[in-house]
Structures are given as C-alpha cells and as structure tokens.
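Scroll down for the structure; my scribbles are underneath it.
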Amino acid sequence: MMFWRSVVGKLWATIILLMAVVLIVVTILLLQYFERFHTAQEEERLTNHASVIATVIEDADDVDSAVESAMNIAKNYSCNVFIATSEAEYWYSDQKGESLIPSATFFEDQALSAVFDHQTEVINHGSDPFFIDGQQLENEQMIVGIPVDIGGESGAVFMYQSLDVVEGARGETTNIILLSAGIAIILTTVFAFFLMTRITAPLRKMRKASLEVAKGNFDTKVPILTRDEIGLLGMAFNRMARALNKNITALNQEKEQLSRILSSMADGVITLDREGSLVVTNPPADQFIRAWVFEQGLSSEETPQIPKEIETLFNQVVELEKEQMVEVDVQGRSWVVLMTPLYQKSDVRGAVAVLRDMTEERMHDKLRKDFIANVSHELRTPISLLQGYSEAIVDDVVPSEEEKRELAQIIYDETLRMGRLVNELLDIARMEAGHITLNRERFSLNDFAERIMNKFQASANDHNVQLISNIENKEIDMDADPDRLEQVLTNLIDNAFRHTSEGGKVLLNIRSDDEGVQLDVTDTGSGIAEEDLPFVFERFYKADKARTRGHSGTGLGLAIVKNIVEAHRGQVSAHSKLGEGTTFSVYIPYGLDDS
C-alpha cells in the first residue's frame, strides 16, 4: 500500500498504463498491417504459381501431359492446385499434394465461374465457402484463378492456400509484441526501483530531516549525493534549516531578553488578548493576581481571572481605542493600572496593562500631611500658651510678682519644649537625609550603662518606678558613638517612664555575643496595641494618649532612635502586649567601618 502511495509507485503505474495504451494501439495497427502484408504476399505468390502452371498447361500437347506437368509444379511450390480442363472435367490435388484426382462435380462459384466466362483472374480471400468434389474445405482458403486455353477449350487453373499461414504470421507478431511488452514491464519495474534509490531515498531522508526540524533540531542536515534537482533541493533544505535556526535563535534571544526585562520590572505587566484572557504576566502582576484571588476567596487552581475594575477598563480600551487608567485596592495595597490598546495593523488585538504599586507613595503623602498637621499641632499649643501668658504679663493682669514669676516659668518651659521639638526635627531631617555624623570612640559599655542608670535614678524616684539594670559581669568594650547611644537609651527609658504606672518596673538589660551587643529596655506599663506596633517608629506617631501619664512627647523620639541605630548598622524592634508591658530591643554589631 505504501508503494502505491509513493512517487515511484505512481510513476511506475503511470508508465505501465501509458505503455499499455501505446502497445494496444501499436498491436492493433501492426496486426492489421501484417495481415494485409502477408495476405498480399500470399496473393502474389499464388498468382505467380498459377501463372506458371497456366503457361505450362497451355504449352502442353495434350490434357494428360498438362495435368502431369501442373502436378509436378504444384509439388515444387508446396501448394494445392485445381485445374478445370473444360466445364465438365476437373482435377484437384489430393490431401498430400502428391497427385491430381479427377472430379466430376461441377464447380459452382459465381466469382470463380467468371474465370470461364470472362477469361479474367479472380482472387477469393475465403469469404465464400470453397467446394471440391462436392465437399467444402474446412479452413478458410485463399484462391487465385487464371483462365487457360487448352486445345481450343476454355479452362482455368486455380491455386488455393489455407489462410492459416496468415493467421500464424499474425500469432507470431502478437507473441513478439507481448514479449516486447513483458520486457518493457520488467525494464520499467527495474527503472522504478532505480528511481526509488535515486529519488525516493533522498526524499525519505529529507522527510526524516524535516520531522527533526519540526521537533526543533535545526542542526539536522541532508547529505548531498548528487548535483541534480534532488541535490539542489537538499541544498535548499539545508539552507532553510540554517536560516530557521538563525531566526529561531534570534527570536529566542529576543524572547528571553523580553522575559528578563518583564521579570526585572518593578511594575506589574499584564497582556490581554481580544477576548480579555490573560496572555503574559510578570512576577509583580502574578503577586497582584494572587492577592486579588485570595481576597475574593477563589481557588488558586481555577483559571486565572482579573478584577472587575480591570475588566471594565479593558472593555473601555477596546471600545474607545484609547489609553485608560484606574486605581484598584487589593489587600490593603493601592494599585494604579494604566492600560493601552495593542494593534494588529489597524485592528485592536488586545491590550497591555502596567500595574504600579502606589501604596508607598500614598503612605508618604499621608505621612507628609500628618507631619505638617503634627508639627502645626505641636507648635500651636506652646505658641498659644506663650501668647496668652505674655499678654497677661504685658497687660499687667497678673497682680503679684509671684504669679508673674510662675507665668514666666511656664513661658520658659514652653520655649524649651519648642526648642527640643525644633532640634529633634532638625536631627531627624539630617538623619533621614544621610547627614548624620558619628563620633566613634572605644569605650567600656559597663561604665556607660552605670552612667545611664545614675542619670535616670532621680527620675525613677520621682515617678515612683523601680529602675533595674541587668548587665553581664564581663567587661564589654565597643566602638561606637557614646553620645548617640546615650540619646537612644535616654529616649527609650524616658518613654518607658511615661508609659509605666507608679509601682511599676523599668529594666535595662545588656548582653553581648560574638557579633555585637544587645540592649533591651523593658517596662511593665500599659503596653502597645497590636495594630500600633508596626508604626511606633514613624514620625509623630502616637498610640492612645489616654495611656500617657503626664505631658506627652513630641512623637519623634522613637524615629530618632531608629535612625541612630541604623546609622550604627544595627537593628531596633518593639515587642508588646496590651496591659502587660513593652520591650524595645537594640542590636549594635561590632566592627563598624568609617562609611
């Protein structure tokens, strides 16, 4: 079955069919030609023989000698003879053709009778039956009749020959043609198998190579064995494979470069097709989609979907064919989506969306607004007090000197508070701008801790809070800025005093390891709510002021602590439980460099 489907099979069948048609036509024409040729040849031979016998009979002295001479001639020519010496006397050859037998039967044949009547030659091709002595000859005969004059009597000589000779010649011709056809079929088959090795074998190799190329193996080559059309086709195939390999490599490099660009982008990228289905996403976009799926309570195994806001935006982009923008809030984060249509010639084939996480920007805007509001609030109170008390003194509303001194003391305290606020604002601004300067020196951490404890002991007694230190007995030396570290501990301990009720405890714990020093300030105060913990180191951030005893701080102390610790390449953290107390942990590593 595969042979008939192949090129060689089809070519072989075509050649055989064409050859069969040609042979059939040629056979018919040749048979007709040879039949006419052999018939004409037999006619000429019989006519010549009949003419010779007729001449001999006419020259004979009597009938008997004429018949004998005719018999001898007929034997030599190997043909049958029928002699009519008169209309009533006939002689014909016996079956062996060795003698002439007299016949008394009248020869009834109109065509042959014309020999007697008109003295003309007659040729009969066997279309009419031929009777001799009352019996019809079995085979079709070719008869040639020539009139003769025997002693003044009209007679005739008839030579007849069976048409089997012509049929034999036709059969031999047919056999020769059939033999030629058989030889031609064998040669055609041999030629077909020759073509199979010379044509189909390279084609099969090219088919196998094309399948390898389809699998992505572009290094596949077809061997070039000839320089004909098949060889040229193989060379063209190899050039095509090299060009495909080059183009696919370039496409893969471009695709890989595009993939790396998309993966390294901080913004999310989503590509949608004409139906709004996801086509390409990068990691930030995947994070956005996962957050939205989680927020919607969908299964991660379901087909990825996009938020309704983005779907609506996509419909607007496709309809208006213009850039559109929307802001989507997912899991507490704010995303700005900018979507642009993608064109295929003049038709919109999809859209590409860029997602930018604007949470930090929104938070910074909020912090800036809160900063302005907090600074305004922090300055409004002391300025109001200064204005009111100074007006009272200027207007001489205060009657006694003692009250004037009291008002003057309040004005002085508020100016100090304003000065601290301004200084802290300047410090934190310089720190966040990276302009903080550390005056490092090597000092004993034990002596440093003892100085801090002595500094706050009086304040602890005033607040009726127990101040406890827990310092390792071993001597700890470190390279840092002692003034900045004192500012850190001062803010932390002062903050602990303000949030610890009377009778409470404030613990300073100092320990070291092979890499740095851990400073912990723990109190038994009111604690910090869980939702406030992530923001305690932000500027001006304050927890519920109802938990603050006495005058509240500026809200900048912990922000300053964080900047000083980070300047020392350290870390600061807060742990608290509401109603149980708070622990601030500061870790300062050894080996600070000058950067």
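Okay, so the sequence shown: first residue is 1 according to full-length UniProt numbering, each after it adds one. Each residue gets a CB set at the ideal place from its N, CA and C atoms; glycine is no exception.
Spatial distance of residue i from residue j (CA atoms)
i, j, result
"D462", "K369", "37 Å"
"L154", "P147", "Checking the sequence, you will find Ser at residue 154 rather than Leu. Cα to Cα, S154 sits roughly 7 Å from P147."
"E42", "I199", "53 Å"
"I372", "G557", "17 Å"
"D427", "V586", "20 Å"
"N247", "M240", "10 Å"
"H575", "T583", "5 Å"
"V565", "I436", "11 Å"
"D59", "F82", "18 Å"
"R484", "N423", "14 Å"
"R405", "R362", "48 Å"
"V517", "N495", "21 Å"
"residue 684", "D164", "Nothing about residue 684 can be reported from this structure: the residues present for the chain run from 1 to 595 only."
"A74", "I176", "32 Å"
"G527", "G581", "4 Å"
"I15", "D228", "22 Å"
"Q141", "A20", "34 Å"
"L11", "T220", "29 Å"
"L386", "E414", "7 Å"
First through last residue of the alpha helix (DSSP H) which encompasses residue i
i, result
"E321", "E321 -> no alpha helix (DSSP H), and no H or E assigned at all."
"T490", "482–498"
"G516", "No alpha helix (DSSP H) contains G516, which is instead part of the beta strand (DSSP E) from 516–523."
"F237", "229–264"
"M358", "Premise fails: M358 is in no alpha helix (DSSP H) and is neither H nor E."
"R198", "Premise fails: R198 is in no alpha helix (DSSP H) and is neither H nor E."
Three-state class that DSSP yields for residue i in the structure shown
i, result
"S162", "strand"
"H463", "helix"
"L11", "helix"
"H568", "coil"
"P307", "coil"
"D286", "helix"
"K205", "helix"
"H575", "strand"
"I410", "helix"
"L18", "helix"
"P382", "helix"
"V144", "strand"
"F294", "helix"
"F448", "helix"
"L330", "Strictly speaking, residue 330 in this sequence is Val, with Leu absent from that position. Here V330 sits in strand by DSSP."
"A529", "coil"
"I471", "strand"
"A156", "strand"
"I177", "helix"
Burial state of residue i, where buried means 16 or more other Cβ atoms lie within 10 Å
i, result
"G268", "buried"
"N48", "exposed"
"F537", "buried"
"T249", "exposed"
"S444", "exposed"
"Q344", "exposed"
"T522", "buried"
"P382", "buried"
"P534", "exposed"
"I183", "exposed"
"T500", "buried"
"M339", "buried"
"A111", "With a pLDDT of 48 at A111, under the threshold of 50, the predicted position of this residue should be treated as unreliable, and no value is reported."
"I493", "buried"
"T120", "For T120, the predicted model reports a pLDDT of 49, less than 50, meaning its position is unreliable and no value from the coordinates is stated."
"G145", "buried"
Endpoints, the beta strand (DSSP E) within which residue i is located
i, result
"S585", "581–589"
"I270", "268–273"
"P534", "Careful: P534 lies outside any beta strand (DSSP E) and carries neither H nor E."
"R442", "441–444"
"V398", "Segment: none, V398 is in no beta strand (DSSP E) and carries neither H nor E."
"P341", "333–344"
"T281", "278–281"
"L507", "505–512"
Near the ligand MG: residue i beta-carbon under 8 Å from a heavy atom
i, result
"N446", "As far as ligands go, the structure on display features none, and thus does not contain the ligand MG."
- [ ] Please determine if the segment 500–512 and the segment 462–472 are in contact, where contact requires at least 3 C-beta pairs separated by less than 8 Å.
- [x] Below 8 Å, enough C-beta pairs join the segment 500–512 and the segment 462–472 to call them touching: three or more.
Open item on the list: Taking contact to mean 3 or more Cβ pairs, one atom from each stretch, closer than 8 Å, check whether the segment 475–484 and the segment 436–455 are in contact.
Closed with: yes
TODO: State whether the segment 312–325 contacts the segment 277–285, with contact taken as three or more CB pairs (one from each stretch) at a distance under 8 Å.
DONE: no
Task: Three CB pairs or more closer than 8 Å across the segment 255–272 and the segment 280–298 - done: yes
TODO: Count the C-beta pairs between the segment 330–344 and the segment 355–367 that are closer than 8 Å, then say yes if the count reaches three, no if not.
DONE: yes
Task: Cβ pair count under 8 Å reaching 3, the segment 164–176 against the segment 202–212 - done: no
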